[in-house]
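Trainee: Have a look at this one.
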Amino acid sequence: MKSELHVPSDLKFLSIVENWLLGCLEIQFKESIDWSRQSSRLRLALVEAYSNVVRHAHRDQPSLPVLIRLEFKDRDIALEIWDRGDGFDLSNYLPPSPTDKQEGGYGWLIMNRLMDKVEYKLQVDGYNCLKLEVTLPDSA
């Protein structure tokens, strides 16, 4: 199954983004996964990615669309978040230190901890793409 959502760059649409993801997961997996754990994990990763686009990549440009793609292959999930911002230079990223009282910079760390694979491509046909991949475990 594949699904796609085009949404404005405005945090007012965050609940639409979350509900779209949860609805797709429910249709695809029904009762075959541990919803309490897996839906929270995937929702948090997507919320972090979408809010970063809104707050950083498309800052003060709510009319710029965010494209979110979701693809399922068995228990493999690929989630892509496409934006038109300047992009994020990963070579300048320093993970926050547990001893620092840093307010920002945790998003990349959170996404990498929640997902099996996190990949970021700058300027692909005028867009940036963040791809999040995970394989869901069988229900015990």
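In UniProt numbering, the protein residues as written are 1 to 140. We treat Cβ as the ideally placed atom computed from N, Cα and C, and that holds for glycine.
Along the chain, where does the alpha helix (DSSP H) containing residue 28 start, and where does it finish?
Mentor: Segment 14-29, the alpha helix (DSSP H) holding residue 28.
Trainee: Do residue 128 and residue 83 have their C-beta atoms within less than 7 Å of each other?
Mentor: The answer is yes: Cβ separation under 7 Å.
Trainee: In whole angstroms, give me the CA-to-CA distance for residue 6 and residue 68.
Mentor: Rounded to whole angstroms, residue 6 to residue 68 spans 6 Å at the Cα level.
Trainee: Give every residue of the same chain whose Cβ lies closer than 7 Å to the Cβ of residue 24, excluding the five residues on either side of it in the sequence, and list them in chain order.
Mentor: Taken in chain order, the residues that qualify are 3, 70.
Trainee: May I have a chain-ordered list of the beta strand (DSSP E) segments no shorter than 3 residues that lie completely inside the UniProt domain "Histidine kinase/HSP90-like ATPase" (38-132)?
Mentor: List check, beta strand (DSSP E) in window: 65-73, 76-83, 117-124.
Trainee: To the nearest angstrom, how far is the alpha carbon of residue 38 from that of residue 132?
Mentor: Whole-angstrom Cα-Cα distance: 14 Å.
Trainee: What separation, rounded to the nearest whole angstrom, lies between the Cα atoms of residue 120 and residue 30?
Mentor: Their Cα atoms are separated by approximately 30 Å.
Trainee: Based on the DSSP secondary-structure assignment, which residues constitute the bridge partners of residue 5?
Mentor: Looking at the DSSP assignment, residue 5 forms a beta bridge with 68.
Trainee: Evaluate the contact criterion for the segment 6-18 versus the segment 45-59: three or more CB pairs, one atom per stretch, below 8 Å.
Mentor: Contact between the segment 6-18 and the segment 45-59 is present, because at least three Cβ pairs lie under 8 Å.
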